[in-house]
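My numbering runs 669 ahead of the 1-based position in the sequence shown. Think of the CB as a built atom: it goes at the ideal place given N, C-alpha and C, for glycine as much as any other residue. One structure is given here, and the rest of the page talks about it.
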Amino acid sequence: MAPRPAEFVFEQTISFVLARTSTAFRNSLEKSMATIGLHAGQAFVLIELWKRNGQRQIDIASQLNLAAPTVSKMIKGLVEINLVRVQKVEDDARSTRAFVTEKGLAIRAEVETQWHELEEYTLADLNETERLILFDLLSKLRNTYTGRDPEEDE
670 MAPRPAEFVF EQTISFVLAR TSTAFRNSLE KSMATIGLHA GQAFVLIELW
720 KRNGQRQIDI ASQLNLAAPT VSKMIKGLVE INLVRVQKVE DDARSTRAFV
770 TEKGLAIRAE VETQWHELEE YTLADLNETE RLILFDLLSK LRNTYTGRDP
820 EEDE
């Protein structure tokens, strides 16, 4: 670990820049998803269900590194707009599974389009090598916080 300088300047730390960048990106993602009637968090729930439909809500929460009540609220919103339906687990009355509806499958192309446009805007000033390096570095940082290997998501 590097020694702390005598005069600590928050703005000159990677953590500060990362936090500000994360906030700016999250705001951009929220605006982008709003154009198709979603919140940013709901897009992540849909992505999980597109990968593996019929997951328990607790498993989605684990995959997204979120609290179960947070995911439950997101899923409730998706149910209200008919993108997801929920079903009680037969052998566990406390547990429910979430399933993408036909409408939820149909919105995937719009989510992909918005995501791609945001990706291109975000990375416009980076060349291909810089993009690959950034992806690797961010994946390592994510692993630090989630305790999961980034390759688990592939």
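Distances from the CA of Val714 to each of Ser701, Met670, Gln732 and Ser697 were compared; the closest alpha carbon is that of Gln732. For Phe685, the three-state secondary structure derived from DSSP is helix. Judged by their CB atoms, Val780 and Ala693 are not nearer to each other than the 8 Å cut-off. Leu752 sits away from Val740, with the two beta carbons spaced by 8 Å or more.
Ile744 sits away from Gly706, with the two beta carbons spaced by 8 Å or more. Taken atom to atom, the span from the alpha-carbon of Gly710 to that of Ile802 is near 26 Å. One Cα belongs to Leu747, the other to Arg766, and the distance between them is close to 13 Å. When DSSP reads this structure, Thr765 sits in a beta bridge with Lys757. Between Ser764 and Val755, the C-beta spacing is not below 8 Å. Collapsing the DSSP output to three states places Arg817 in coil.
Contact between the region 787-803 and the region 689-703 is present, with at least three C-beta pairs closer than 8 Å. Contact between Thr815 and Asn734 is confirmed by a C-beta separation of about 5 Å, below the 8 Å threshold.
The DSSP-derived three-state label of Arg777 is helix. Residue state for Arg725 is assigned as strand, using DSSP reduced to three classes.
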